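The listed protein sequences derive, respectively, from chains A and B. Be aware that the first sequence starts at 1, since it is given in UniProt numbering, and climbs by one per residue. Be aware that the second sequence starts at 1, since it is given in UniProt numbering, and climbs by one per residue.
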Amino acid sequence: MVDIFVSGKKKVTSKVEPSFAAAQVNSAKGASQKGFNLKKPVEQKPGLGAKYVTVEERLKGERSKHQALSAFCILPRGVKFETQEVKEKIILLLRQHWFTQVGWLLTALAMVFLPAALRVVPVIDFLPANFQFMAIVIWYLIVIAFVYEKFISWYFHVFIVTDERVIDIDFYNLLYKEVSEAKIDNIEDVTYTQGGVARAVFDFGDVAMQTAGEKREFTIESVPQPNRVVKILNELKLEEEHEKIMGRAR
Amino acid sequence: MTPFDKFIEFITRQGMIELEAVILGKAAVILLLLLYLAFSLVVVRQVNLMNKTINGLMEKRLLVAAKALVGLAMVVLILGLIVL
Chain A
1 MVDIFVSGKK
11 KVTSKVEPSF
21 AAAQVNSAKG
31 ASQKGFNLKK
41 PVEQKPGLGA
51 KYVTVEERLK
61 GERSKHQALS
71 AFCILPRGVK
81 FETQEVKEKI
91 ILLLRQHWFT
101 QVGWLLTALA
111 MVFLPAALRV
121 VPVIDFLPAN
131 FQFMAIVIWY
141 LIVIAFVYEK
151 FISWYFHVFI
161 VTDERVIDID
171 FYNLLYKEVS
181 EAKIDNIEDV
191 TYTQGGVARA
201 VFDFGDVAMQ
211 TAGEKREFTI
221 ESVPQPNRVV
231 KILNELKLEE
241 EHEKIMGRAR
Chain B
1 MTPFDKFIEF
11 ITRQGMIELE
21 AVILGKAAVI
31 LLLLLYLAFS
41 LVVVRQVNLM
51 NKTINGLMEK
61 RLLVAAKALV
71 GLAMVVLILG
81 LIVL
């Protein structure tokens, strides 16, 4: 943070430096009246004046290759959302870790093999043959609908981090969605929790953000690599602060 | 006879419902398939809405799958009318 301030100020003082020699020729009184700093200039520190590398530029080398079904996507290609601005860039696209979907996957698998179990336990034998056939067909229709609904609920339940804000898109079911957003510079505090064997082994957890906006708290649940998410959010916060400072310097 | 068979015999003999149980069953299955068809149409609409909210690399595939579900529902509805 200190370096950013010094960097910002150095650009201003660098414009003053050519006049420093002129100030030395003039009388001290006159020079002090003009406001020139006659003290020894600030010592150069390594990195000062260097080009500021944005988070997007830094993450370009870590861009994910397979992105369609990824739960942790850096700089995703071909992804847009409803309220995205023209110059706004998506830094992170997050979904719930695949491990959280194991429950319904196993349920679906059991549902697929259930009709085979009917041969052992005759439940619908009292029905005529054509009704039994239709019962099995309807059962598989229900299985397909169940799997599809669960999949799109997972796929569209995303958390997007752009260079300007964070957006939480929640599709709780087919008929209910909630979209919340907060500006990066409104984020006050970011924490993550990772508890339990599964979360420790597969490296996923919850990331909670305290904001100064209307919605006080954002929680991204069961997201992969939560420590990395927190790191990127903190870097984006610093970038926002840097942009504000550079804006003021101009 | 199973308890369900006894129940069906009771309601048909007592005249509470004059229709045969088979016709009743057929109507129930067709109604169920019609509801499923309506559900699949809702799924297509919701997938379209979801794709407008956020679209990625799977947009077209998900829409194709939703429309295939509608087609499947219609095929099964026709199958039910024929088989039953």
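Even for Gly, the Cβ is constructed at its ideal location relative to N, Cα and C. Remember, it's a predicted structure, so these values are computed and weren't measured experimentally.
Simplified DSSP assignment, three categories, for A:N26: Model confidence at A:N26 stands at a pLDDT of 45, short of 50, so the residue's coordinates are unreliable and nothing is read from them.
Neighbour list for A:I138 in chain B, Cβ cutoff strictly below 9 Å: V29, L32, L33, Y36, V76 and G80
Helix, strand or coil at A:S64 [DSSP, three-state]: Three-state DSSP puts A:S64 in coil, outside helix and strand.
Span of the beta strand (DSSP E) around A:R165: Residues R165 to N173.
Alpha-carbon to alpha-carbon, A:E241 and A:V25: Its pLDDT being 44, under 50, A:V25 is placed unreliably in this model, and the coordinates cannot settle the point.
Contact with chain A by B:V83, beta-carbon distance below 8 Å: yes
Simplified DSSP assignment, three categories, for A:E88: coil
A:M209 - partner residues in DSSP beta bridges: A:V190 and A:F218
Three or more C-beta pairs below 8 Å linking the stretch 187-196 of chain A and the stretch 131-140 of chain A: No: the two stretches stay apart, fewer than three of their Cβ pairs being nearer than 8 Å.
Separation of B:A73 from B:L32, as counted between CA atoms: 11 Å
The stretch 19-30 of chain B / the stretch 213-222 of chain A touching (three or more Cβ pairs under 8 Å): With the rule of 3 Cβ pairs closer than 8 Å, the stretch 19-30 of chain B does not count as touching the stretch 213-222 of chain A.
Where A:A182 sits in the DSSP three-state scheme: A:A182: strand per DSSP, three-state reduction.
C-beta atoms of A:D163 and A:L93 nearer than 8 Å: no
Option in A:D203, A:L238 and A:I74 with minimal Cα separation from A:N186: A:L238
Helix, strand or coil at A:F36 according to DSSP, with G and I counted as helix: Because the pLDDT at A:F36 is just 48, under 50, the model does not fix this residue reliably, and the point stays unresolved.
A:Y52 - partner residues in DSSP beta bridges: Paired residue(s): none; A:Y52 is not in a bridge.
A:I184 to A:Q84 span [Cα, whole Å]: So the two alpha carbons sit approximately 15 Å from each other.
Inter-residue spacing [alpha-carbon to alpha-carbon] between A:R165 and A:P224: Going by C-alpha positions, A:R165 is about 20 Å away from A:P224.
Partners in chain A for B:F39, counting only beta-carbon separations shorter than 8 Å: A145
Nonlocal neighbours in the same chain, by C-beta distance under 7 Å from B:A66, ignoring five residues either side: V43, V44 and V47
Chain-ordered residues of the stretch 52-67 of chain B with a beta carbon less than 7 Å from chain A: Of all residues in the stretch 52-67 of chain B, only K52, T53, I54, N55, G56, L57, M58, L62 and A65 come within less than 7 Å of chain A when Cβ atoms are compared, listed by chain position.
Where A:A68 meets chain B, residues with beta-carbon distance less than 8 Å: Below the 8 Å Cβ cutoff, chain B contributes G56, L57 and M58 as neighbours of A:A68, in chain order.
Short-range partners of chain B found in the stretch 181-196 of chain A, where Cβ spacing is below 7 Å: none
From A:A68, A:R63 and A:I245, residue whose alpha carbon lies closest to that of B:R61: A:A68
Residues near A:A212 in its chain [Cβ-Cβ closer than 7 Å; skip 5 each side]: N186 and E188
Same chain only: Cβ atoms within 6 Å of A:F159, ignoring 5 sequence neighbours per side: The beta carbon of A:F159 sits closer than 6 Å to the beta carbons of L94, D168 and I220 from its chain, once the five residues preceding and following it are set aside; these are given in chain order.
Through-space distance from A:G61 to A:T54, alpha-carbon basis: 13 Å
Rounded C-alpha distance that separates A:I232 from B:G80: 55 Å
Cutoff 7 Å; reference A:T100; Cβ partners in own chain excluding five residues on either side: S222
Spatially closest choice to B:R70 from A:E56, A:A145, A:F72 and A:K87, by CA coordinates: Inspection of the sequence shows that residue 70 of chain B is occupied by Val rather than by Arg. Comparing Cα positions, the closest option is A:A145.
For A:A31, the three-state DSSP class (helix, strand or coil): At A:A31, the pLDDT of 44 sits below 50, so the modelled position is not reliable and the matter cannot be decided from this model.
A:V79 to B:N55 span [Cα, whole Å]: 6 Å
Residues bridged to A:T162 (per DSSP): A:I90
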